[in-house]
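Participant: Here you go, one structure.
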Amino acid sequence: MSPSPQRNVVVVDAPSNLGLRPPSPGTIPGCWRLAEVLRAEGIVARLGANDSGRVQPPPYTPDHDATGTRNGLAIAGYAVRLADRLGELLDVGGFPVLLGGDCSILLGAMLALRRRGRYGLAFVDGHLDFRHPGNSSRLSAVAGEDLAVVTAAVPDPSPTSKGVGRWWPKPTWSPSATTTPTGAGTRRSPPRPRSR
Numbered sequence: 157m158s159p160s161p162q163r164n165v166v167v168v169d170a171p172s173n174l175g176l177r178p179p180s181p182g183t184i185p186g187c188w189r190l191a192e193v194l195r196a197e198g199i200v201a202r203l204g205a206n207d208s209g210r211v212q213p214p215p216y217t218p219d220h221d222a223t224g225t226r227n228g229l230a231i232a233g234y235a236v237r238l239a240d241r242l243g244e245l246l247d248v249g250g251f252p253v254l255l256g257g258d259c260s261i262l263l264g265a266m267l268a269l270r271r272r273g274r275y276g277l278a279f280v281d282g283h284l285d286f287r288h289p290g291n292s293s294r295l296s297a298v299a300g301e302d303l304a305v306v307t308a309a310v311p312d313p314s315p316t317s318k319g320v321g322r323w324w325p326k327p328t329w330s331p332s333a334t335t336t337p338t339g340a341g342t343r344r345s346p347p348r349p350r351s352r
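Residue numbering for the sequence shown follows this note's numbering, starting at 157 and increasing by one per position.
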């Protein structure tokens, strides 16, 4: 049996902070610095990867836009640009590794894959990232709603977003009914109200 061919790992910076709430009034989330820090620590060489540059996000604003969320239109546009870049890399046999940024970069990565056909998603995060109108009244930061967006549990944020929120067929399970995703292919029932 011959060894599998070496993948052409390509590192792309996606230093977006568009999907986050401000950490305090008058400040912006600092996660956009992550790619710089990882590069300074030599991540590209350590991965044996090629440097494929950066997809620069638009400027952050803490204000809600016409979508009702922070930077909703900017995120939709950025997701399309990021998907375009990832598509170029995939076309030439690249295996992209994204350096974020906040979790809203998932939208661009999944759009790039959706354009190529049907793909699955293994999602690992420190938070659920599945807020949607069926389970929360606190919607406004896409980094906490990104998994819900790519699974079509929330509506497309704008008619000009080129279908960013309509990538997938409707889920076969109801996000607001009896189960919620918890990670690596498992589901759990939501907490039941305690009787008093």
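From the three backbone atoms N, C-alpha and C, an ideal C-beta is built for every residue, glycine too. Treat the numbers as computed from the prediction; the structure is a model and nothing was measured.
#1: Assuming Asp219 is part of the beta strand (DSSP E), what are its boundary residues?
#2: Exposed or buried, which one is Ala170 when buried takes at least 16 other CB atoms within 10 Å?
#3: Quick one: give me the first and last residue of the alpha helix (DSSP H) that Leu255 is part of.
#4: Can you check which of these residues, Leu255, Tyr275 and Ser296, is closest to Glu389 by C-alpha distance?
#5: Measuring CA to CA, which of Phe251, Trp188 and Leu277 is closest to Leu263?
#6: Go through its chain and collect everything with a Cβ distance to Pro213's Cβ below 7 Å, but skip five positions before and after it.
#7: Assess, as a yes-or-no matter, whether the segment 301 to 308 is touched by the segment 177 to 193 under the definition of 3 or more beta carbon pairs within less than 8 Å.
#8: With respect to 7 Å, is the separation between the Cβ of Gly290 and the closest non-hydrogen atom of the ligand NAP below this value?
#9: Suppose only complete runs of 4+ residues qualify. What are the alpha helix (DSSP H) ranges in the segment 173 to 215, listed by chain order?
Facilitator: From the atom records:
#1: As a position in the sequence shown, residue 219 is number 63, starting the count at 1. Taken as a continuous stretch (DSSP letters only), Asp219 belongs to no beta strand (DSSP E), as it is neither H nor E.
#2: Your numbering for residue 170 matches position 14 in the sequence shown. Answer is buried; the Cβ neighbour count reaches 16.
#3: Counted from its first residue, the sequence shown places residue 255 at position 99. Where Leu255 is concerned, there is no enclosing alpha helix (DSSP H), although the beta strand (DSSP E) it sits in stretches over Gly250 to Leu255.
#4: A query on residue 389 cannot be resolved here, the shown segment of the chain reaching from 157 to 352 and no further.
#5: What you label residue 263 is simply residue 107 of the sequence shown in a count that begins at 1. When only C-alpha atoms are compared, the closest one is Leu277.
#6: Within the sequence shown, the letter at position 57 stands for residue 213. Excluding residues within five positions, the ones whose Cβ falls inside 7 Å are Pro171, Ser172, Leu174 and Tyr234.
#7: no
#8: The ligand NAP is not part of the structure shown, which contains no ligands of any sort.
#9: 190 to 196 and 199 to 202
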